[in-house]
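Residue numbers (the working numbering): 65 to 419. For glycine and all other residues, C-beta sits at the position ideal for the given N, C-alpha and C. Being a predicted model, the structure only gives us computed values, none of them experimental.
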Amino acid sequence: MPVKRSARADPVGRQAEGRFIVRSGERAAPTPPATLSKIATRSDRNPRPADGFPQAFIRPARPNPVERPNGFADAHATFEAAQFVVAGIPFDRTTSFRPGARFGPDSIRQHSWNFESYDLETGVDLAEVPIHDLGNTAEFGNAQDMVTSVRAELRPVYEAGKIPIILGGDHACSPPCVEAYPDGGSIGVLYIDAHLDFRSSYLGDSRSHACSSRRIVEKVGAHNVVVLGVRSVSREEVEDNRSIGMAFVTAQEVFREGIESAMQKALNMLRTDRIYLSLDIDAIDPAFAGGTGTPEPFGLTPRDVKHAIGMVAPRLAGMDIMEVSPHYDQGNTSALAARLAREAIVRAVATHRVR
Ligand SMILES: [Mn+2]
Numbered sequence: 065m066p067v068k069r070s071a072r073a074d075p076v077g078r079q080a081e082g083r084f085i086v087r088s089g090e091r092a093a094p095t096p097p098a099t100l101s102k103i104a105t106r107s108d109r110n111p112r113p114a115d116g117f118p119q120a121f122i123r124p125a126r127p128n129p130v131e132r133p134n135g136f137a138d139a140h141a142t143f144e145a146a147q148f149v150v151a152g153i154p155f156d157r158t159t160s161f162r163p164g165a166r167f168g169p170d171s172i173r174q175h176s177w178n179f180e181s182y183d184l185e186t187g188v189d190l191a192e193v194p195i196h197d198l199g200n201t202a203e204f205g206n207a208q209d210m211v212t213s214v215r216a217e218l219r220p221v222y223e224a225g226k227i228p229i230i231l232g233g234d235h236a237c238s239p240p241c242v243e244a245y246p247d248g249g250s251i252g253v254l255y256i257d258a259h260l261d262f263r264s265s266y267l268g269d270s271r272s273h274a275c276s277s278r279r280i281v282e283k284v285g286a287h288n289v290v291v292l293g294v295r296s297v298s299r300e301e302v303e304d305n306r307s308i309g310m311a312f313v314t315a316q317e318v319f320r321e322g323i324e325s326a327m328q329k330a331l332n333m334l335r336t337d338r339i340y341l342s343l344d345i346d347a348i349d350p351a352f353a354g355g356t357g358t359p360e361p362f363g364l365t366p367r368d369v370k371h372a373i374g375m376v377a378p379r380l381a382g383m384d385i386m387e388v389s390p391h392y393d394q395g396n397t398s399a400l401a402a403r404l405a406r407e408a409i410v411r412a413v414a415t416h417r418v419r
């Protein structure tokens, strides 16, 4: 039977402080991994009523669009058992053009229910992978509050050896996800974005989404960051970076050389054992992912990014998908984001490098 999401175990012991809370709605009770078919698993969540009930009122085998649970699909595990931990940061207060990425996490979760749990290419069934959904952070008044809280909330996730899958939110949400990585651990960052995001400060805010790669460089070092898919920079960003030396691979290079070669180049530069993948959905061409705050033409294809995820997966330390702003399209951007999150999980599992 459905249980109140807010009534479940508090994995990091901080729900009383109002973070990673789920504000509304109910969620289907956890179900064990499927042993028969996908349909059987979905049916378990929606038991058929007793015989004789009018046919018109028999509930569908899969959640319908209005009664779909709030959480990420197939996230049935407890926090303790989980290898992957989904969390949402519905924060978009530094968006510089079109706001709305605060609606990204829940829209991505909704669209995650569209997909089968079984992945044809890897043979991995997400229903058998321990995934936990922490819910969303509380809302924040400013970027610094968000940064402080996200750092504190994500550190225990890393310390427990789990891989966070963070759903944003504007790209200002990414630096604290990297900064939360335990001190002493060396981490590389693959930052996939149309923009360089290398401003020192933007509109008076050093925590603006226009400054995110720079904040990450300050944490992990310029030699441990590569930006992929770039096609929009300011002159000042490029000039600043000449002395700092963060590497980037342009969208044009990906188009010219192909994603395999471009990614090989990027991975050769990231010498750390583990890599955090930050994906600004605007790296992908607005023809495919127009539901975003700052759409930039001449972008990567969804297939490019799928392939890039597959190449990073054996070293995956964590991942975020940011800047999905669902009200600017018909759901295709959210669907793509949900599918790419699932791709990261199945590829990481398939390479048997998950701790
Ligand atoms: Mn961007």
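Using 7 Å as the cut-off, classify the Cβ of residue i as near or not near the heavy atoms of ligand 1, replying yes or no.
i    : result
E387 : yes
D344 : yes
H371 : no
T142 : no
H259 : yes
T186 : no
T212 : no
T314 : no
T159 : no
T358 : yes
H391 : no
H196 : no
Three-state secondary structure (DSSP) at residue i?
i    : result
M386 : strand
A353 : coil
M65  : For M65, the pLDDT reaches just 37, beneath the cut-off of 50, and the residue's location in the model is therefore unreliable, leaving the point undetermined.
Y266 : strand
T186 : coil
T212 : helix
V284 : helix
H273 : helix
Q79  : Unreliable placement is indicated for Q79, whose pLDDT of 41 sits below 50; the coordinate value is still reported in the next sentence. Note: Q79 maps to helix in three-state DSSP.
F312 : strand
R173 : helix
L331 : helix
R367 : helix
D138 : coil
A244 : coil
H416 : coil
S298 : coil
A381 : strand
I409 : helix
G293 : strand
A104 : Per-residue confidence for A104 stands at a pLDDT of 36, beneath the threshold of 50, marking its modelled position as unreliable; the derived number appears in the next sentence. A104 falls in the helix class under three-state DSSP.
T397 : helix
D234 : coil
Using a threshold of 8 Å, state whether the C-beta atoms of residue i and residue j are closer than that.
i    : j    : result
A165 : S181 : no
V174 : S398 : Correcting the residue type first, residue 174 is Gln in the shown sequence and not Val. Yes, Cβ-Cβ distance for Q174 and S398 is below 8 Å.
D368 : T356 : no
L292 : A353 : no
P240 : V211 : yes
V253 : V289 : yes
P170 : G152 : With the sequence shown as reference, residue 170 is identified as Asp, and Pro is not the correct amino acid for it. Their beta carbons are under 8 Å apart, which means D170 touches G152 by this criterion.
Y340 : V242 : yes
H273 : D234 : yes
T201 : E185 : no
A141 : P220 : no
V281 : I308 : yes
A381 : R335 : no
P366 : P359 : no
D183 : V410 : yes
What residues are listed by DSSP as bridge partners for residue i?
i    : result
H196 : V149
P228 : V149
S160 : DSSP output for S160 lists no bridge partner at all.
Y340 : V253 and G382
H259 : S296
I348 : L364
Quick one: residues in its chain with C-beta nearer than 8 Å to the C-beta of residue i, no 5 flanking neighbours on either side, listed in chain order?
i    : result
Q316 : R295 and F362
A405 : F136, V150, I172, S176, I229, L231, M383 and I385
A207 : F155, R157, T158, A236, D269, R271 and S272
I256 : V291, L292, G293, L341, S342, L343, D344, A347, L364, V369 and A372
F179 : A137, A402, R403 and R406
V318 : L292, G293, A326, L364 and D368
Go through its chain and collect everything with a Cβ distance to residue i's Cβ below 6 Å, but skip five positions before and after it.
i    : result
F262 : S277, R278, E301 and N305
M375 : M327
Y245 : Y222 and I251
F167 : P390
A311 : V290 and M333
Is there at least one Cβ from chain C nearer than 8 Å to residue i's Cβ?
i    : result
G357 : The structure shown contains no chain C; it holds only a single protein chain.
With a threshold of 7 Å on Cβ separation, who are the neighbours of residue i within its own chain once the five nearest residues in sequence on each side are excluded?
i    : result
D197 : G135, F136, A139 and V150
G249 : none
T415 : A377 and P378
T314 : V294 and R295
G395 : H175
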